[in-house]
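Reading through the structure tokens given below for one structure.
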Amino acid sequence: MQKFKSYYKQAVSLKKSGCTDNNVKLNAYAIWKEDEGTNFGLEHAWRLLKNQLEWLYQFTENCSKRMKISASRAYSSSSNPETPIENVEVDTLSPIFRLMGQKATKRKSKGKRVGTSTNPVDLIGVEEGMREINILNAKLATLREKELEKEYYDILMKDTSTMFETQLKDHQAFCKTIRHKLRI
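Sequential numbering of the sequence shown, starting at 65, is according to our numbering.
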């Protein structure tokens, strides 16, 4: 497969405008047959492998028409397509490119870093902020209690002379509940 990949890369580098992917594949088959003397018999495997990320990356990393193709580090170019291909680099595997996993991507986007400790100076500022919030919440709670006591007092002192009999019974029951809550 590595050999055919190099032939395919060569066919891609020789690709002219208007050439389809099928033409590139046919050119790669022709190069294979010319160099190896037989037809390429692993077409089904190539179809499966060529669209995987590891293989796609290797095709896109050397997109230009000029690329190193031999042990002598000679370059091929569109003006010199007959440069011989030596199989020195074909047998060596190039590094595989892999996408970051879902969890790693989330961790990176959130700015989380595994194994990093927080700075104690930052915690002091957070503690001071929390104390201020707690003080403000306590003040707010006392204000709410005072407001509720005022509402209860207004209900207890309400004029009952104009109330109907059912309203008066409801008012008395509610006043009893308020007195029980306030322990009066």
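All C-beta atoms, glycine included, are put in the ideal place defined by N, C-alpha and C. All values reported here derive from a predicted model rather than from experimental measurement.
Query	Result
The stretch 68-85 in contact with the stretch 96-107 per 3-pair CB rule at 8 Å	yes
Cβ-based burial, Val76 [other Cβ within 10 Å; buried from 16]	buried
Rounded Cβ spacing between His235 and Thr224 (contact assumed at less than 8 Å)	6 Å
Three-state secondary structure (DSSP) of Thr241	helix
Helix, strand or coil at Leu204 [DSSP, three-state]	helix
Exposure label - Ile199; buried when at least 16 CB within 10 Å	exposed
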